[in-house]
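Report on one structure; see the data block that follows.
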Ligand SMILES: Cc1ncc(COP(=O)(O)O)c(C=O)c1O
């Protein structure tokens, strides 16, 4: 659409919500009579948030929501998949890109790549309660997981204990590398419903032998929504001298993560998921005590300036504007409070569970005890076809969630985050009930 074509607010909203597909977001829209409509006219702002109240109410969360380019009538409850970046992040990435493209000199590059990236690293370290020397800025969780499975020296006679519900980047990746390097993968099967901390720690301990070198697990499973006792499992690994990798793709940016308490050797996350940062940016934490046990998978120029980043972040030329914008995402969430974001997301997930419990036939794959889940809720909608239900929600109700259509825990995955409102949760429960009752 060219700037001359008129775009009414309704059209604009429609464009943004077509089946949850990639949204078209012009920086300026056009009103019905052709006048320019700014994002502010549409109710969006990138202004700093007001101080977080002691008890944030729906008004405060609507303020937060207005920093996202999500139209008011579009319920995007799919944070586990990919999150929208907040407007401050979108604007910062654009600003830095323009700065660079207007002056693509080594000096601009140094300012962005060196100074900006190091600020992002400092904020990442603060968010995870570790040191900047332990932070590597990656492309995503997949890359971080693979840096670990490719970078630890393993061979015939060594064993790696993995969790059966790990993401392919932390499961298929280990199995593939086992074929190449000759080590053995031992899989702890997933159990549904979540059997509790003691049973899980026991299962992992039993899977370990004197030959086990690495334990690779997931903090929250994207297939079940269950939350696993990462700190206990890392402690169990540590006691036996085993390295631990925690995949935090579904916890970084939503739970208030404290790696100084969890104490993994490696922790991975994606900025484009729950932290609502720039796409294709992520984090790999490498505990300072084990940095000499990891080989670099990519060796090139433009490494980071401190600690692990000097060895593991020399990835050649990168999109520095995006790396610098990582800092904006961390500042934005930090200005709300990570504990506040965790409470809010859990509150939305809890309300969703309570609403769904009242619908006949709903069967939860996610454990409903708040100790055993975070902000992902997966359930089977009785005998209703999840694919049809997911499509009805997207097309008729403007509610976007993930559909799990296969044989493995079929159903819907709904993952609310701090940009969602309680109204959207109520509307979603109502719509699911309606379609399950009347049929889709
Ligand atoms: C548990 C888990 N690990 C890793 C990933 C991969 O994340 P990315 O695609 O950002 O690398 C995902 C994606 O959904 C995930 O759920």
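Numbering (the working numbering), first residue to last: 3 to 442.
C-beta: ideal position from N, C-alpha, C; glycine also.
Bear in mind that the values here come from a model prediction, so they are computed numbers and not experimental data.
Cβ neighbours of residue i in the same chain (closer than 7 angstroms, five flanking residues each side left out)
| i | result |
| --- | --- |
| residue 238 | 203, 206, 207 |
| residue 173 | 164 |
| residue 105 | none |
| residue 303 | 316, 318 |
Reduced DSSP category for residue i - H, G, I as helix; E, B as strand; rest coil
| i | result |
| --- | --- |
| residue 339 | coil |
| residue 217 | strand |
| residue 110 | helix |
| residue 420 | coil |
| residue 228 | strand |
| residue 77 | strand |
| residue 429 | helix |
| residue 303 | coil |
| residue 24 | Any reading at residue 24 is ruled out, since the residue's pLDDT is 32, under 50, leaving its predicted position unreliable. |
| residue 162 | strand |
| residue 257 | strand |
| residue 328 | helix |
| residue 187 | strand |
| residue 365 | strand |
| residue 317 | coil |
| residue 8 | Because the pLDDT at residue 8 is just 37, under 50, the model does not fix this residue reliably, and the point stays unresolved. |
| residue 375 | strand |
| residue 334 | helix |
| residue 121 | helix |
| residue 15 | Low confidence applies here, because residue 15 scores a pLDDT of 49, under 50, leaving its location unreliable and the question unanswered by this model. |
| residue 436 | helix |
| residue 236 | helix |
| residue 410 | coil |
The beta strand (DSSP E) enclosing residue i, as first and last residue numbers
| i | result |
| --- | --- |
| residue 98 | It is not in any beta strand (DSSP E) - residue 98 instead sits in the alpha helix (DSSP H) that spans 89-104. |
| residue 382 | 379-383 |
| residue 182 | Where residue 182 is concerned, there is no enclosing beta strand (DSSP E), although the alpha helix (DSSP H) it sits in stretches over 174-183. |
Extent of the continuous alpha helix (DSSP H) run through residue i
| i | result |
| --- | --- |
| residue 151 | 143-153 |
| residue 70 | That residue, residue 70, is in no alpha helix (DSSP H); it is neither H nor E in DSSP. |
| residue 199 | 199-209 |
| residue 243 | Run containing residue 243: none; DSSP gives neither H nor E here. |
| residue 389 | 388-399 |
Beta bridge counterpart(s) of residue i as assigned by DSSP
| i | result |
| --- | --- |
| residue 269 | 248, 287 |
| residue 308 | Answer is none; residue 308 lacks a bridge partner. |
| residue 404 | 415 |
| residue 296 | 154 |
| residue 138 | 286 |
| residue 222 | 229 |
Close Cβ partners of residue i (< 6 angstroms) along its chain, the five nearest in sequence each way excluded
| i | result |
| --- | --- |
| residue 129 | 332 |
| residue 151 | 175, 176, 179 |
| residue 272 | 142, 143, 251, 284 |
| residue 48 | 89, 90, 93 |
| residue 95 | 280, 323, 324, 327 |
| residue 389 | 405, 407 |
Cutoff 8 angstroms; reference residue i; Cβ partners in own chain excluding five residues on either side
| i | result |
| --- | --- |
| residue 113 | none |
| residue 91 | 278, 279, 280, 327, 330, 331, 334 |
| residue 348 | 372, 376, 377 |
| residue 297 | 152, 153, 154, 155 |
| residue 224 | 82, 169, 251, 252, 378, 415 |
Would you check if there are 3 or more beta carbon pairs closer than 8 angstroms linking the segment 208-220 to the segment 341-357?
no
Under 8 angstroms, with one C-beta from each stretch per pair, do the segment 338-347 and the segment 105-122 reach the 3-pair mark?
no
Contact between the segment 119-129 and the segment 302-316: three or more CB pairs below 8 angstroms?
yes
Stretch-stretch touch, CB-based, cutoff 8 angstroms, three pairs: the segment 38-49 with the segment 377-384
Taking 8 angstroms as the limit for Cβ pairs, the verdict is that the segment 377-384 does not touch the segment 38-49.
Just checking, does the segment 249-258 make contact with the segment 267-286 on the three C-beta pairs under 8 angstroms criterion?
yes
Under 8 angstroms: do the segment 229-244 and the segment 403-418 share three or more Cβ pairs, one atom per stretch?
no
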